[in-house]
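Q:
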Amino acid sequence: MYVPTLSYSHVAFNGKLADLLVKSGYDVVLKLQAASEENFLSQTLWNNPGPFEDSSILNPRIIIKLLKVSSILLEYCRGSYNLLISFFYMQSAENNLIIELKRENFELGMIEQYDACGFGIFQLIGIKNIVWLSATAIYGPQPAALGIKYPLSYLPELLSPMDDRMSFIQRVENVLIATLSKRAQSIIANTSPLLDFPAPMSEKILHVAGFTVMKQKYILNKFWSQIANSSSEGFMIMSFGSIAKISQMDDRMRNIFFEIFRSFPRINFIVKYETIDEPVKKIEDNIFLAKWIPQIELMSHEKFIAIITHGGWSSVLESLIYSRPMILMPLFGDHFKNAQVIRQKQIGVIIDKNGMDKKFSELSEKKVEILAKFDIV
Numbered sequence: 207m208y209v210p211t212l213s214y215s216h217v218a219f220n221g222k223l224a225d226l227l228v229k230s231g232y233d234v235v236l237k238l239q240a241a242s243e244e245n246f247l248s249q250t251l252w253n254n255p256g257p258f259e260d261s262s263i264l265n266p267r268i269i270i271k272l273l274k275v276s277s278i279l280l281e282y283c284r285g286s287y288n289l290l291i292s293f294f295y296m297q298s299a300e301n302n303l304i305i306e307l308k309r310e311n312f313e314l315g316m317i318e319q320y321d322a323c324g325f326g327i328f329q330l331i332g333i334k335n336i337v338w339l340s341a342t343a344i345y346g347p348q349p350a351a352l353g354i355k356y357p358l359s360y361l362p363e364l365l366s367p368m369d370d371r372m373s374f375i376q377r378v379e380n381v382l383i384a385t386l387s388k389r390a391q392s393i394i395a396n397t398s399p400l401l402d403f404p405a406p407m408s409e410k411i412l413h414v415a416g417f418t419v420m421k422q423k424y425i426l427n428k429f430w431s432q433i434a435n436s437s438s439e440g441f442m443i444m445s446f447g448s449i450a451k452i453s454q455m456d457d458r459m460r461n462i463f464f465e466i467f468r469s470f471p472r473i474n475f476i477v478k479y480e481t482i483d484e485p486v487k488k489i490e491d492n493i494f495l496a497k498w499i500p501q502i503e504l505m506s507h508e509k510f511i512a513i514i515t516h517g518g519w520s521s522v523l524e525s526l527i528y529s530r531p532m533i534l535m536p537l538f539g540d541h542f543k544n545a546q547v548i549r550q551k552q553i554g555v556i557i558d559k560n561g562m563d564k565k566f567s568e569l570s571e572k573k574v575e576i577l578a579k580f581d582i583v
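Start counting the sequence shown at 207; every next residue gets the next number (my numbering).
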């Protein structure tokens, strides 16, 4: 199993799948590939302010970044191979990796959806049977690899921010996002046809949504139980996963969230906040910052209302398993499509991150909407 380590939720999905295979009697080897190498690039293109930045093409800072990239990209192309190919070469040359893996005579290879380097490694070590995994919804190139034609006129790519009703311009954008890959024989996807837009299917696609989350009633320790039970109308969780850190959020955006939280004093808000000096810090009567949150355990509590999150697939599935709505602020990757699916199924609402600093009341309106729609208070 070739497992890139950029995202914790993807690693966890692959790890649980590996555990199931081992319990079934298979020998499994996981290749945990680092997301980047130190000093890989000779210069810094820019300091990324993080996923909370306004990523609209109309943002002048984005335009400047694109111009800077285009001005130095030719230099890299002239001086060496394409960056991705160079990185793949670094992997395959690492500690005679290919020779060692080839000796194992693997019968099957599994590769996570978003890193294609594994296809090249499988080719070099002679693996002919490949299963293409997806810890999220199905990625457009995956059904294409099985010969399934996805009509891009009404099926958005996984990384596109559209739903299944697109304008002409959005359809053009959707086509540009799509790419092709044809080496996989089957697909295992951590999703369900009921949690996606209608699309052509195949028996070669196995949907396994929810196998990573077993619904059960957890018992909170005394500390977390006190926080969960101390509010008269319940509590909400705010977490943006392992990559997007709320502590790196723009001060203005973060203050908007906290100001809205203060306006609902009968509801507690537990916020994952990575840089505090203590495990949990109470900054208001109803706002608690926590370095780490027992998210599943809290979701199983009877006073849990909803989660405010980025739309990462793990949090989406966990919310659905425990039958709770979501307030989604998509940031990057598949978050936008996930949010559109949840909005269409009417089990959550969307906040536009690009409008947070312009429309102070948007979050408040969304929160009132979700509380009223699902008859929570």
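Built from N, CA and C at the ideal position, the CB exists for glycine as well.
Would you say F446 and L339 are within 8 Å of each other, going by their C-beta atoms?
A: Reading the sequence shown from its first residue, position 240 is the one you call residue 446. Reading the sequence shown from its first residue, position 133 is the one you call residue 339. It is not a contact, given that the beta carbons lie outside the stated cut-off.
Q: Which residue or residues does DSSP assign as beta-bridge partners of T211?
A: Stepping through the sequence shown from its first residue, residue 211 is reached at position 5. According to DSSP, which records beta bridges pairwise, T211 is partnered with nothing at all.
Q: Could you pull the DSSP bridge partners for S445 from this structure?
A: Numbered from 1 along the sequence shown, position 239 holds the residue referred to as residue 445. Per DSSP, T515.
Q: Cβ atoms of A224 and L236: under 8 Å apart, would you say?
A: Here residue 236 is taken as the residue at index 30 of the sequence shown, counted from 1. Here residue 224 is taken as the residue at index 18 of the sequence shown, counted from 1. Yes.
Q: Which full runs of the alpha helix (DSSP H) of 4+ residues lie inside the segment 471-543, going along the chain?
A: With a minimum length of 4 residues, the continuous alpha helix (DSSP H) runs that stay inside the segment 471-543 are 501-505 and 519-527.
Q: Could you give the DSSP three-state label for A341: helix, strand or coil?
A: Counted from its first residue, the sequence shown places residue 341 at position 135. A341: coil per DSSP, three-state reduction.
Q: Alpha carbons only, please: which of G332, S398, F219 and C323 is nearest the one belonging to R309?
A: Within the sequence shown, the letter at position 103 stands for residue 309. For the residues G332, S398, F219 and C323, the minimum Cα distance to R309 belongs to G332.
Q: Please report whether the beta-carbon of A545 lies at a distance below 8 Å from any beta-carbon of chain B.
A: The question asks about chain B, but that chain is absent: this structure has only one protein chain.
Q: Following the continuous beta strand (DSSP E) through S431, name the residue where it begins and the one where it ends.
A: By one-based count along the sequence shown, residue 431 stands at place 225. It is not in any beta strand (DSSP E) - S431 instead sits in the alpha helix (DSSP H) that spans K428 to N435.
Q: With a cut-off of 8 Å, do at least 3 Cβ pairs link the segment 408-425 to the segment 483-494?
A: Flag = no, the segment 408-425 and the segment 483-494 do not touch.
Q: What separation, rounded to the nearest whole angstrom, lies between the Cα atoms of L352 and A343?
A: Mapped onto the sequence shown, residue 352 falls at position 146. Mapped onto the sequence shown, residue 343 falls at position 137. The alpha-carbon atoms of L352 and A343 are separated by roughly 16 Å.
Q: According to DSSP, E318 sits in a beta bridge with which residue or residues?
A: Within the sequence shown, numbered from 1, the residue matching residue 318 stands at position 112. Bridge partners of E318: L339.
Q: Would K565 be called buried (16 or more neighbouring beta carbons within 10 Å of its own) or exposed?
A: Residue 565 sits at position 359 when you count from the first residue of the sequence shown. Low local confidence applies: a pLDDT of 48 at K565 is under 50, so the model's placement there is unreliable, with the coordinate-based value given in what follows. Exposed: under 16 other Cβ atoms inside 10 Å.
Q: With DSSP run on the structure shown, which of helix, strand or coil describes K334?
A: Translated into the one-based positions of the sequence shown, residue 334 becomes position 128. In this structure, K334 counts as coil in the three-state DSSP scheme.
Q: Let me confirm a value: K229 is counted as buried when at least 16 other C-beta atoms fall within 10 Å, else exposed. Which label applies?
A: As a working note, residue 229 is residue 23 in the sequence shown. K229 should be labelled exposed.
Q: For I394 and A341, what's the separation of their Cα atoms in angstroms?
A: The residue labelled residue 394 in the question sits at position 188 within the sequence shown. The residue labelled residue 341 in the question sits at position 135 within the sequence shown. So the two alpha carbons sit approximately 9 Å from each other.
Q: Following the continuous beta strand (DSSP E) through L238, name the residue where it begins and the one where it ends.
A: In the sequence shown, counting from the first residue as 1, residue 238 sits at position 32. K237 to Q239 is the extent of the beta strand (DSSP E) around L238.
Q: State the DSSP-derived secondary structure class of D225, mapped to helix, strand or coil.
A: As a working note, residue 225 is residue 19 in the sequence shown. Note: D225 maps to helix in three-state DSSP.
Q: DSSP state of V419, grouped into three classes?
A: Taking the first residue of the sequence shown as 1, we reach residue 419 at position 213. Correct three-state label for V419: coil.
Q: Take the Cβ of T481 as the centre, count every other Cβ of all protein chains shown within 10 Å, and call the residue buried at 16 or more, exposed below.
A: By 1-based counting over the sequence shown, the position of residue 481 is 275. Classification for T481: exposed.
Q: Can you find the residues in the same chain that come closer than 8 Å, C-beta to C-beta, to Q422, ignoring five residues on each side of it along the sequence?
A: If you number the sequence shown from 1, residue 422 lands on position 216. Excluding sequence neighbours, Q422 sits near S506.
Q: Using the Cβ count rule (16 or more neighbours within 10 Å means buried), how would you classify S215?
A: Numbered from 1 along the sequence shown, position 9 holds the residue referred to as residue 215. The residue is buried, with at least 16 neighbouring Cβ atoms inside 10 Å.
Q: Could you pull out every residue in the same chain whose Cβ sits closer than 8 Å to the Cβ of L504, ignoring the five residues on either side in sequence?
A: Here the question's residue 504 lines up with position 298 in the sequence shown. Around L504: L426, W430, A434, F441, I443, I476 and F510.
Q: For W498 and T418, I'd like the C-alpha separation in whole angstroms.
A: Here the question's residue 498 lines up with position 292 in the sequence shown. Here the question's residue 418 lines up with position 212 in the sequence shown. Whole-angstrom Cα-Cα distance: 20 Å.
Q: When the distance is taken between beta carbons, is I557 closer than 8 Å to M535?
A: Working through the sequence shown from its first residue, we reach residue 535 at position 329. Working through the sequence shown from its first residue, we reach residue 557 at position 351. Yes, the pair counts as a contact, with Cβ atoms nearer than the cut-off.
Q: Let me know if I452 comes out buried or exposed under the rule of 16 or more other beta-carbons within 10 Å of its beta-carbon.
A: For this step, residue 452 is matched to residue 246 along the sequence shown. The residue in question, I452, is buried, as its Cβ has 16 or more Cβ neighbours within 10 Å.
Q: Suppose you measure from the CA of E508 to the CA of E439; what does that come to, to the nearest Å?
A: Residue mapping note: residue 508 aligns to position 302 of the sequence shown, counting from 1. Residue mapping note: residue 439 aligns to position 233 of the sequence shown, counting from 1. C-alpha separation (whole angstroms): 11 Å.
Q: Leaving out the 5 sequence neighbours to the left and right, which residues in its chain are closer than 6 Å to F312 when beta-carbon positions are compared?
A: As a first step, residue 312 must be located in the sequence shown, where it is residue number 106. Counting only Cβ-Cβ distances below 6 Å, and skipping sequence neighbours, we find I333.
Q: Using the Cα positions of I553 and M420, report the straight-line distance between them to the nearest angstrom.
A: By 1-based counting over the sequence shown, the position of residue 553 is 347. By 1-based counting over the sequence shown, the position of residue 420 is 214. In a straight line, the C-alpha of I553 is about 20 Å away from that of M420.
Q: List the DSSP bridge partners of H413.
A: Position 207 of the sequence shown, counted from the first residue, corresponds to residue 413. The partner list for H413 (beta bridge, DSSP) reads A395.
Q: Between A415 and the rest of its own chain, which residues show a CB-CB distance below 7 Å, the 5 nearest in sequence each way excluded?
A: In the sequence shown, counting from the first residue as 1, residue 415 sits at position 209. Hits under 7 Å: N396, T397, S398, L401 and L523.
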